[in-house]
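Residue numbers for the sequence shown follow our numbering, so the first one is 2 and each next one is one higher.
For every residue, glycine included, the Cβ atom is placed at its ideal position computed from N, Cα and C.
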Amino acid sequence: MSDVFSPADLAGLESQIDQWLAALQADNPAIEAIDRGDRSDRDPLRWFVRLRGEQKEFTTVWLTLGQRTLRYETYVMPAPADNIAQVYEAALRRNERMVGAHFSIGAEDALFLRGELPLAMVTETEIDRVVGSMYAYVEQSFPALIRLGYAHHFDR
Numbered sequence: 002m003s004d005v006f007s008p009a010d011l012a013g014l015e016s017q018i019d020q021w022l023a024a025l026q027a028d029n030p031a032i033e034a035i036d037r038g039d040r041s042d043r044d045p046l047r048w049f050v051r052l053r054g055e056q057k058e059f060t061t062v063w064l065t066l067g068q069r070t071l072r073y074e075t076y077v078m079p080a081p082a083d084n085i086a087q088v089y090e091a092a093l094r095r096n097e098r099m100v101g102a103h104f105s106i107g108a109e110d111a112l113f114l115r116g117e118l119p120l121a122m123v124t125e126t127e128i129d130r131v132v133g134s135m136y137a138y139v140e141q142s143f144p145a146l147i148r149l150g151y152a153h154h155f156d157r
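Structure follows, in structure tokens:
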């Protein structure tokens, strides 16, 4: 089990993530925006990294800072209307080739990519890798999954 970070350690990491994301945005023209969620006592600390894609118009990677891990996720597509079992099977088969992320079924049966890092492993290089990998995985998988899951729209 990973260590629980103190409030002071979390505040320091929060500041570093802000700086790293700002640097990432300055160096990467694909990043449209970086924003933070509202911070309240009940809501987790979250960042939103919105990237312009080629296969999917936009991909937003959510980074959520917890006491032990940095979770990251992105919405891939809504629940499939066609070929449901084949879409989920294709996503599961893609899990085999991915590092640090996996497909999962979320709210309303939508398809997501998710992963997490122990806080001790969160570095500027890892933030860059996570955002880049999530973007690449969506760009690589979205066309085939959306065509399969919404075949009736493409058969016209």
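Going by C-alpha positions, A108 is about 33 Å away from A27. Annotated three-state conformation of P119 is strand, per DSSP. Under the three-state reduction of DSSP, T126 is assigned to helix. Approximately 4 Å separates the beta-carbon atoms of W21 and E125; this is inside 8 Å, confirming the contact. Taking C-alpha positions only, D10 is separated from L71 by approximately 13 Å.
Of all alpha-carbon atoms in A152, S16, E15, D4, the one lying nearest the alpha-carbon of I85 is that of A152. Within the same chain, V50, V62 come within 6 Å of V132 by CB-CB distance, once the 5 residues on both sides are set aside. In this structure, DSSP gives F49 an extended state, which the three-state scheme calls strand. Secondary structure note for E90: its alpha helix (DSSP H) is the uninterrupted segment 85-96. Nearest to W48 by C-alpha distance, out of P79, G54, R37, is R37. The three-state reading of DSSP puts F143 in helix, counting H, G and I together. Note on geometry: alpha-carbon atoms of I128 and D83 lie some 35 Å from one another.
In this structure, the beta-carbon distance from V139 to V77 falls below 8 Å.
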